[in-house]
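Data block below; observations after.
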Amino acid sequence: MANENEGREEAGERPSTSTEELRAKRHESRTARTYSFFLKDLEARAGVDRPLAERAAESVLCTLEQRLMGGEVKDLEAQLPEKVRDLLQRCPRHEGLPPRKFKMLEFIQMVADDLDTTPNEAERLTRAVFATVREHVSEGETDEVIGQLPADLRALWVPEV
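With the working numbering applied, the sequence shown has no gaps in its numbers, which climb one by one up to 151 at the end.
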């Protein structure tokens, strides 16, 4: 087999790759594409660059996870692009803590503090993240998430006209 691969390399051909390696490469490529699509949607919607889009997604989704009860966090995460879930793994604010109820003003202030920005900008970014999430998860999952939120926080999921 080694001689066969060496002969192919000398002839300008690539050596054969195992099925597992191909699967892993395809998975990584697909993962990177879905993450890129998510961030491009968020960048366009919020009018921000990639680093701020990543920070906003992490902050808003981490704050949302602190608010969701029961298994809803896992249900939502299951539908998000894998690399967005990876962003949330780096969010230590809610690790090991039970979810707690809070309203929109506290939610926005938590995001503003995290992003070191104004509450108005935090609200704008939160709306953009929620709108992007809506585009990338099922309608049923969005309804389940919204169903756990108070009316004022639920309003952030409704696109501005």
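All C-beta atoms, glycine included, are put in the ideal place defined by N, C-alpha and C.
Check                                                                                          : Outcome
Between the CA atoms of Glu67 and Gln56 - distance to the nearest angstrom                     : 13 Å
Residue range of the unbroken alpha helix (DSSP H) whose run includes Val38                    : Counting along the chain, Val38 falls outside any alpha helix (DSSP H), and DSSP gives it neither H nor E.
Beta-carbon spacing of Thr122, Arg35 below 7 Å                                                 : yes
Meets three-Cβ-pair contact criterion under 8 Å: the region 101 to 119 and the region 35 to 48 : yes
Whole-Å CB distance - Val119 paired with Leu51, under 8 Å assumed                              : 7 Å
Short Cβ contact (7 Å threshold) for Val101 with Ser26                                         : no
Beta-carbon separation (whole angstroms), Met94 vs Asp142, contact threshold 8 Å               : 4 Å
Unbroken alpha helix (DSSP H) run spanning Thr132, endpoints                                   : Glu129 to Gly137
Contact test: Ala121 Cβ vs the ligand GTP heavy atom, cutoff 6 Å                               : In terms of ligand content, the structure shown is empty, and the ligand GTP therefore cannot be addressed.
6 Å CB neighbourhood of Glu111 in its chain, flanking five on each side removed                : none
For Asp31, three-class secondary structure by DSSP                                             : helix
Proximity of Pro89 and Leu58 at Cβ, strictly below 7 Å                                         : yes
N-terminal and C-terminal residue of the alpha helix (DSSP H) that Phe120 is part of           : Pro109 to His126
Secondary structure of Met59, DSSP reduced to three states                                     : coil
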